[in-house]
Amino acid sequence: MIELTGVTRRYRRRGRSRVTALDSLDLHVERGTTLAVVGPNGAGKSTLFGVIAGLVRPDRGSVRIDGRTPGDRVRTEGIGVLPDRVRLPERRCVAEALRRLAILDRCPRREISSRVDLVMEMTGLVERRDSRCGGLSRGLRQRLGLAQLLIRPRSLLLLDEPLSGLDPLWRARFRELLEWLRAERPDLTILLASHELGEVGRIADRLVVIRAGRIVSSLEVDDRPAAMETRVLEILQEARVE
Amino acid sequence: MSNLALLFPRLVFDRAPRAVIAATVLLSLTVPLLARRTSDVAAGFRDGLSMGAASGASTVIPIVAMWLALSAAWLADGVVSELRRDGCGPLVFTRPVSRSGYLLTRWLSGFVCLVSAGLVVVAVLNATARFSGIAGTGLSPVGVVGAAAASWWWVGSGVLFFSSLFDRGEAIAGALLLFVPISLAAVLPPDNLVARAAVLLPSRTMLDVSRTLLAGDPVIGDHILSIAAGGFASVVVSLSVAVRREWTISG
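Chains as they are written, first to last, in my numbering: chain A, 584 to 825; chain B, 11 to 261.
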């Protein structure tokens, strides 16, 4: 269970006043839920994920994941993160990059190669195993990001714009892989930030709308993606007027 | 910790071949030339930094010592800033690995790279001494390891500190801010006045130790103590700062 209480985070920008990325934000996510976080650019989605992952410290408020701080959680179990732009050392080849992440994931030494081969196969990267990470297209980088998540799946995944750059075929494949992960780990909790409401409707159980660092609405996802998309747009419009 | 032990050789081989090859090519081509053409500058270094008899007539030792210091700066700069440049910090620091342990492993891998490069360079210089005609090149591998350790412990930890505070580029700039004035001070007239004032600077001490070790004089007890204490403090502070830095997961 993830619990954020009164989390505030401000950034100081060069030559500008302070920007509030998260403003007394409260969020409660039950274990096993797939929660979509939607909102306009700069709404605070990435900062929210950074705070949950322990990469960003809140100025105020508390963050607990199963009763522990994000730092404790990362040290003991880790948190699966897929950034919106997957970046790995440009000169390193795909297989080696995954091998190193597998080492950091505490994979048993003997299993590293086989596990890396498996995730490359799952994400269609086998033919690119010797390609340098720097030469990969956006879509291939996203698949590499997905592959590193699958090396040793965590019970908490933070996916920031996971579908960006993926072609329709790989979007479908991505959904399949998430389904497979959820079947493998019933306690899997996923937080997903996306602008693509149609896709969100297919993946998430619940959706929160975030604007200016605050959650302005929370919706249950139903099987009518078009209606949900309209509702989210209305919420964002209303928040803008306010 | 076992995962970091498994990662260590990979981190070393990341940079060691490039560092060794670049250093060998650069130094084997330029040192003989520099040693001949810049004998005045080298003499300035020697006088200004009070090398005394330890350096003998060698003009190579100050150059190798300075090269080790600058290489240490370059390698140590990458410990944190490479993670920022590559953008893989979030993928690393959300895995079950100690941040300080990981950064320390990277830092130590840089030392191994520096020692490897130093040994190759000295081997090349010694092997080509007959042809290059440089006096006093008899640099021992033990001296190189000691000098590399002194450079790394002091310069490496100092740059790690800059690297943990600032983003890419600024760490090296910080290191240059330390070393360029010292180097200039050592050779500037009148009578190396500025260089004498630089005696108090800790980096001066490190260069002295490096060059004394390279020259094979083991009487460096006081200096080693100051370098060890300063380096230790710097490493602890730097790692504490680096561990507390924030990382963004947005591109």
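Positions of the beta carbon are idealized from the N, C-alpha and C atoms, including for glycine.
Neighbourhood of residue i by C-beta, 7 Å cutoff - its chain only, sequence neighbours within 5 removed
{"i": "R596(A)", "result": "V602"}
{"i": "L746(A)", "result": "R754, F757, S777, E779, E782"}
{"i": "D750(A)", "result": "G722"}
{"i": "F632(A)", "result": "L741, D743, L774, A776"}
{"i": "H611(A)", "result": "E586"}
{"i": "I818(A)", "result": "V792, V799, S800"}
Below-9 Å beta-carbon distance, residue i vs any chain A residue
{"i": "C98(B)", "result": "yes"}
{"i": "R105(B)", "result": "yes"}
{"i": "S262(B)", "result": "Residue 262(B) cannot be examined here, being either before or after the span of chain B that is shown, 11 to 261."}
{"i": "N13(B)", "result": "yes"}
{"i": "I71(B)", "result": "no"}
{"i": "V102(B)", "result": "yes"}
{"i": "W257(B)", "result": "yes"}
{"i": "L175(B)", "result": "no"}
{"i": "A67(B)", "result": "Annotation note: pLDDT 40 at A67(B) (below 50); position unreliable, coordinate value reported separately. No, because no Cβ of chain A sits closer than 9 Å to the Cβ of A67(B)."}
{"i": "L114(B)", "result": "no"}
{"i": "R20(B)", "result": "yes"}
{"i": "L17(B)", "result": "yes"}
{"i": "G241(B)", "result": "no"}
{"i": "S244(B)", "result": "no"}
Per-residue DSSP class, three states only, for residue i
{"i": "G97(B)", "result": "coil"}
{"i": "A208(B)", "result": "Note that A208(B) scores a pLDDT of 47, beneath 50, so its modelled location is shaky; the value from the coordinates is reported in the next line. Note: A208(B) maps to helix in three-state DSSP."}
{"i": "V804(A)", "result": "coil"}
{"i": "D761(A)", "result": "A small fix is needed here, since residue 761(A) is Leu in this sequence, not Asp. Three-state DSSP puts L761(A) in a helix."}
{"i": "D649(A)", "result": "coil"}
{"i": "S174(B)", "result": "helix"}
{"i": "I31(B)", "result": "helix"}
{"i": "G243(B)", "result": "Before going further, note that residue 243(B) is Ala rather than Gly in the sequence given. In this structure, A243(B) counts as helix in the three-state DSSP scheme."}
{"i": "A266(B)", "result": "Here chain B covers residues 11 to 261 and nothing more, so residue 266(B) does not appear."}
{"i": "I259(B)", "result": "coil"}
{"i": "D609(A)", "result": "strand"}
{"i": "R693(A)", "result": "helix"}
{"i": "I662(A)", "result": "coil"}
{"i": "R715(A)", "result": "strand"}
{"i": "L586(A)", "result": "Looking at the sequence shown, residue 586(A) is not Leu but Glu. Here E586(A) sits in strand by DSSP."}
{"i": "R105(B)", "result": "coil"}
Cβ of residue i within 9 Å of any chain B Cβ
{"i": "R595(A)", "result": "no"}
{"i": "F757(A)", "result": "no"}
{"i": "G663(A)", "result": "yes"}
{"i": "V612(A)", "result": "no"}
{"i": "P666(A)", "result": "yes"}
{"i": "V602(A)", "result": "no"}
{"i": "A809(A)", "result": "no"}
{"i": "L764(A)", "result": "no"}
{"i": "A787(A)", "result": "no"}
{"i": "G633(A)", "result": "yes"}
{"i": "R640(A)", "result": "yes"}
{"i": "S645(A)", "result": "no"}
{"i": "A636(A)", "result": "yes"}
{"i": "D743(A)", "result": "yes"}
{"i": "P672(A)", "result": "yes"}
{"i": "S777(A)", "result": "no"}
{"i": "V791(A)", "result": "no"}
{"i": "V620(A)", "result": "no"}
{"i": "V590(A)", "result": "no"}
Sequence-distant residues of its chain with Cβ nearer than 8 Å to residue i (five each side left out)
{"i": "C676(A)", "result": "R712, D713, S714, R715, C716"}
{"i": "S696(A)", "result": "R682"}
{"i": "R767(A)", "result": "Note that residue 767(A) is Glu in the sequence shown, not Arg. Only P736 meet the Cβ criterion."}
{"i": "R593(A)", "result": "R601, V602, T603, A604, D642"}
{"i": "V107(B)", "result": "N13, L14"}
Sheet register partners of residue i (DSSP bridge)
{"i": "Y594(A)", "result": "V602(A)"}
{"i": "D87(B)", "result": "Paired residues: none, contrary to the question."}
{"i": "I793(A)", "result": "I798(A)"}
{"i": "A776(A)", "result": "V620(A), D743(A)"}
{"i": "C123(B)", "result": "Beta-bridge pairing links C123(B) to no other residue."}
{"i": "R643(A)", "result": "T591(A)"}
Contact set between residue i and chain C, taken where Cβ atoms lie within less than 7 Å
{"i": "E660(A)", "result": "Of the protein chains in this structure, namely A and B, none is chain C."}
Beta-carbon proximity list for residue i, same chain, < 6 Å, skipping 5 on both sides
{"i": "A79(B)", "result": "S161, V165"}
{"i": "R721(A)", "result": "G748"}
{"i": "L729(A)", "result": "T706"}
{"i": "A127(B)", "result": "A29, V30, A33"}
{"i": "V245(B)", "result": "S167"}
{"i": "G156(B)", "result": "L223"}
**Message:** Please list, in chain order, the residues of the segment 704-738 of chain A that have any C-beta partner in chain B closer than 7 Å.
**Reply:** Q731
**Item:** Short-range partners of chain B found in the segment 674-704 of chain A, where Cβ spacing is below 7 Å
**Value:** R683, L684, I686, L687, D688, R689, R692
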